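Asks: Input: one structure, supplied below.
Residue numbers (our numbering): 850 to 1369.
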């Protein structure tokens, strides 16, 4: 795990970060913050600040300037290998069940004189295909599909061609399914880790999971030209498939090493558009302690909710826009479909928030009544203030959702790189407690630009960090994204040349010295 430490100059509200609070370990709340910030962040980095001569208590002329040490960490998900293996085990089991059914059909047709030779031949071909799948699923998946197509095309029968096409589509869904499920589990494990470490935001995310679900927000930077067009098609299909996944937890010695997958039929049929899957995750006692009791006992499952928003940002997308190619309609369709899903998810979240506030206010009033205390105007004002804050937060989300809809449905943004859609949708999903995943073709260049931009926006919005543009450039110049590139390509520079850099949106351009000047 690689990490880089930054000193962030930040202006905090006067009186919020007193020495008494730091000494007693009291939680520090930042104005306008949407996630909990623990004082431990400051205390752990105290020696780092003091060592550089920046940790003294003397303020600047304004009396409000502080330096905060922030770690940028490159995490490697623990589920990288374990979950795909479990997923392949599930697929092999499905293939075995199908093989047994075909074998029974063949045995029945052998005893029937009216059996069609063509039907028997087709069943034999499918049975042979399934056997090869079970034996060589990992190493020769693509080879088996090509052989299947060749054998079926030789029959010059439309039914065989359609069977081969269905097999190819199923294989593509299998590949993207294993990857998108791995990313989801990595996010769930991160939420558990952060809840154990004391994050109030992630604890609330887990507390709402039995009723609201677990929201995954995927951000795609793929273009709608060339091979990335097919990748985007697969990505969209994988996002729809993920909405049929449910998660349950069971006690295990270690977290992230045990997974099992099986078919699942939810009690609410409307929550699943197709055949549901139940993923069982083994978690340790520490992680079970932060889960709601209904999840610990196994009486409830977590429904995975997924939205995908995409916007191409590279030079290929610039060409698509310049020629006004119809390929851009794929991007529009994906964003529109996921806008519908986002609205549905927000409706559930909004109703849940209103209900939680009402329950909290009623409980407060009931507690005062049971204790024999008279309801004072100050206490009533406190209850009203809590409801007013809740209404204000929901109104802000309503306005942001309208803005997202404008980005997607406005005709003026059809042939433009509307990166504001990605920023607004990420802010909206994060406010709902959603997990975020950003990706491009390789996950190291465009993704690095997006991740560092988002980190800088978070620091400016929640820690009131100054000089956000310089901070973003420093992360791209010295941060762990350079380390990620080196781990993938053995080169420490991003794969952009000068022409490609010029065609990127301004906020996605790497600083000088971090990219290659020649051909990529």
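We put the beta carbon where it would ideally sit given N, CA and C, even for glycine. For clarity, every value in this text was computed on a predicted model and none was experimentally measured.
1. Please go through the segment 1273-1327 and give each complete alpha helix (DSSP H) segment of 4 or more residues, from N-terminal end onward.
2. Using a 10 Å radius around the Cβ and a threshold of 16 neighbouring Cβ atoms, would you call residue 1065 buried or exposed?
3. Distance check for residue 1015 and residue 874, CA to CA, integer angstroms please.
4. Return the first residue and the last residue of the alpha helix (DSSP H) that residue 1357 is part of.
5. Please classify residue 1176: does DSSP put it in a helix, a strand, or coil?
6. For residue 1073, tell me which candidate among 1061, 1038 and 1184 has the shortest Cα-Cα distance.
7. How far does the beta strand (DSSP E) with residue 1152 in it extend, from its first residue to its last?
8. Whether or not the segment 1342-1351 and the segment 1307-1322 are in contact is what I'm after, with contact meaning three or more pairs of Cβ atoms, one per stretch, closer than 8 Å; do they touch?
9. Using a Cβ-Cβ cut-off of 8 Å (strictly less than) and excluding sequence neighbours within five positions of residue 1117, which residues of its own chain qualify?
10. What residues in its chain sit with their C-beta under 8 Å from that of residue 1329, if we drop five residues either side in the sequence?
11. Do the CB positions of residue 1349 and residue 1270 come within less than 8 Å of each other?
12. Distance, Cα to Cα, residue 1237 vs residue 1194?
13. Taking 8 Å as the threshold (C-beta atoms), are residue 1104 and residue 1041 in contact?
14. So what does DSSP say about residue 1115, is it helix, strand or coil?
15. Cutting at 6 Å between CB atoms, please list the residues of its own chain near residue 1134, excluding the five before and the five after it.
16. Just how far apart, CA to CA, sit residue 1098 and residue 1109?
17. Just curious, the beta strand (DSSP E) that residue 1066 is in, first and last residue?
18. If you compare alpha carbons, which of 970, 1056, 1092 and 968 is closest to residue 1029?
19. Mind reading off the beta-carbon distance from residue 1125 to residue 1114? Whole number of angstroms is fine, and I expect it under 8 Å.
20. To which residues of the same chain is residue 1325 closer than 6 Å at the C-beta, ignoring the five residues directly before and after it?
21. Is residue 810 helix, strand or coil when you go by DSSP?
22. Do you know offhand how far residue 1057's Cα is from residue 1036's?
23. Give the secondary structure of residue 1059 by DSSP, where H, G and I count as helix, E and B as strand, and everything else as coil.
24. Measuring straight from C-alpha to C-alpha, what distance separates residue 1167 and residue 1089?
25. Can you have a look at residue 1355 and say buried or exposed, based on whether 16 or more other CB atoms are within 10 angstroms of its CB?
26. Can you tell which of 1304, 1198 and 1334 has its C-alpha closest to the C-alpha of residue 1321?
27. Please identify the residue among 1101, 1207, 1205 and 1266 whose C-alpha is closest to the C-alpha of residue 1164.
28. Give a yes or no on contact between the segment 1172-1190 and the segment 1144-1159, applying the rule of three or more CB pairs nearer than 8 Å.
29. Going by DSSP, what residues sit across from residue 852 in a beta bridge?
30. Drop a sphere of 10 angstroms on the beta-carbon of residue 1339, count the other beta-carbons inside from all chains shown, and report buried for 16 or more, exposed for fewer.
31. Based on the DSSP secondary-structure assignment, which residues constitute the bridge partners of residue 1364?
32. In this structure, how does DSSP classify residue 966 when only helix, strand and coil are distinguished?
33. Between which two residues does the alpha helix (DSSP H) carrying residue 1338 extend?
34. Leaving out the 5 sequence neighbours to the left and right, which residues in its chain are closer than 8 Å to residue 1232 when beta-carbon positions are compared?
35. Among the residues of its own chain, which have a CB less than 7 Å from the CB of residue 1060, if the five just before and after it don't count?
36. Enumerate in chain order the residues of its own chain whose CB-to-CB distance from residue 983 is below 8 Å, with the five nearest sequence positions on each side excluded.
Replies: Straight from the coordinates:
1. 1295-1311 and 1317-1327
2. Within the chain shown, the letter at position 216 stands for residue 1065. Per the 10 Å Cβ criterion, buried.
3. For the purposes of this step, residue 874 is identified with residue 25 of the chain shown, where counting begins at 1. For the purposes of this step, residue 1015 is identified with residue 166 of the chain shown, where counting begins at 1. With a pLDDT of 44 at residue 874, under the threshold of 50, the modelled position of that residue is not reliable, and no figure is offered here.
4. Here residue 1357 corresponds to residue number 508 of the chain shown, with the count starting at 1. Looking at the DSSP string, residue 1357 is not in any alpha helix (DSSP H), and its letter there is neither H nor E.
5. Residue numbering aside, residue 1176 sits at position 327 when the chain shown is read from its first letter. Assigned with DSSP and collapsed to three states, residue 1176 falls in coil, not helix or strand.
6. For the purposes of this step, residue 1073 is identified with residue 224 of the chain shown, where counting begins at 1. The candidate whose alpha carbon is nearest that of residue 1073 is 1184.
7. As a position in the chain shown, residue 1152 is number 303, starting the count at 1. Segment 1151-1159, the beta strand (DSSP E) holding residue 1152.
8. no
9. By 1-based counting over the chain shown, the position of residue 1117 is 268. Around residue 1117: no qualifying Cβ.
10. What you label residue 1329 is simply residue 480 of the chain shown in a count that begins at 1. Result list for residue 1329: 851, 852, 853, 921, 922 and 923, in chain order.
11. To locate residue 1349, count along the chain shown from 1; it is residue 500. To locate residue 1270, count along the chain shown from 1; it is residue 421. No, these two residues do not count as a Cβ contact at 8 Å.
12. Position 388 of the chain shown holds residue 1237. Position 345 of the chain shown holds residue 1194. So the alpha carbons of these two residues sit roughly 23 Å apart.
13. On the chain shown, position 192 is the one that residue 1041 refers to. On the chain shown, position 255 is the one that residue 1104 refers to. Yes; because the gap between Cβ atoms is below 8 Å, this pair is in contact.
14. If you number the chain shown from 1, residue 1115 lands on position 266. Coil at residue 1115, not helix or strand.
15. Taking the first residue of the chain shown as 1, we reach residue 1134 at position 285. Here the set comprises nothing.
16. In the chain shown, residue 1098 corresponds to position 249, counting from 1. In the chain shown, residue 1109 corresponds to position 260, counting from 1. In this structure, the CA atom of residue 1098 is about 10 Å from the CA atom of residue 1109.
17. As a working mapping, residue 1066 is identified with position 217 in the chain shown. Per DSSP, residue 1066 belongs to the beta strand (DSSP E) from 1063-1069.
18. Along the chain shown, read from residue 1 onward, the residue named residue 1029 stands at position 180. The shortest C-alpha separation from residue 1029 is found at 1092.
19. The sequence position of residue 1125 within the chain shown is 276, counting from 1. The sequence position of residue 1114 within the chain shown is 265, counting from 1. Yes, residue 1125 and residue 1114 are in contact; Cβ-Cβ is about 6 Å, under 8 Å.
20. As a first step, residue 1325 is located in the chain shown; it is residue number 476 there, counting from the start. Around residue 1325: 1301, 1359, 1360 and 1363.
21. The displayed coordinates of the chain run from 850 to 1369. Any statement about residue 810 would go beyond what the structure contains.
22. Taking the first residue of the chain shown as position 1, residue 1057 is located at position 208. Taking the first residue of the chain shown as position 1, residue 1036 is located at position 187. So the two alpha carbons sit approximately 16 Å from each other.
23. Here residue 1059 refers to the residue found at position 210 when the chain shown is read from its first residue. Of the three classes helix, strand and coil, the one that applies to residue 1059 here is helix, per DSSP.
24. Here residue 1167 corresponds to residue number 318 of the chain shown, with the count starting at 1. Here residue 1089 corresponds to residue number 240 of the chain shown, with the count starting at 1. Looking at the two C-alpha atoms, the distance is approximately 28 Å.
25. For the purposes of this step, residue 1355 is identified with residue 506 of the chain shown, where counting begins at 1. Exposed is the call here.
26. Counted from its first residue, the chain shown places residue 1321 at position 472. Cα-wise, what sits closest to residue 1321 is 1304.
27. Numbered from its first residue, the chain shown carries residue 1164 at position 315. Selected option, being the one with the closest Cα: 1266.
28. Yes: at least three Cβ pairs fall under 8 Å.
29. The residue given as residue 852 occupies position 3 in the chain shown. In DSSP, residue 852 forms a bridge with 922.
30. Sequence index remark: in the chain shown, residue 1339 carries index 490 (1-based). By the neighbour-count rule (16 or more Cβ atoms within 10 Å), residue 1339 is not buried but exposed.
31. Translated into the one-based positions of the chain shown, residue 1364 becomes position 515. Paired residues: 1343.
32. Within the chain shown, residue 966 is the residue found at index 117, counting from 1. Reduced to three states, the DSSP call for residue 966 is helix.
33. Translated into positions along the chain shown, residue 1338 becomes position 489. Per DSSP, residue 1338 belongs to the alpha helix (DSSP H) from 1329-1338.
34. For the purposes of this step, residue 1232 is taken as residue 383 along the chain shown, with counting starting at 1. Same-chain partners within the cutoff: 1210, 1213 and 1214.
35. For the purposes of this step, residue 1060 is identified with residue 211 of the chain shown, where counting begins at 1. Closer than 7 Å at the Cβ level, and outside the excluded window around residue 1060, lie 1201.
36. Sequence index remark: in the chain shown, residue 983 carries index 134 (1-based). Result list for residue 983: 941, 944, 945 and 948, in chain order.
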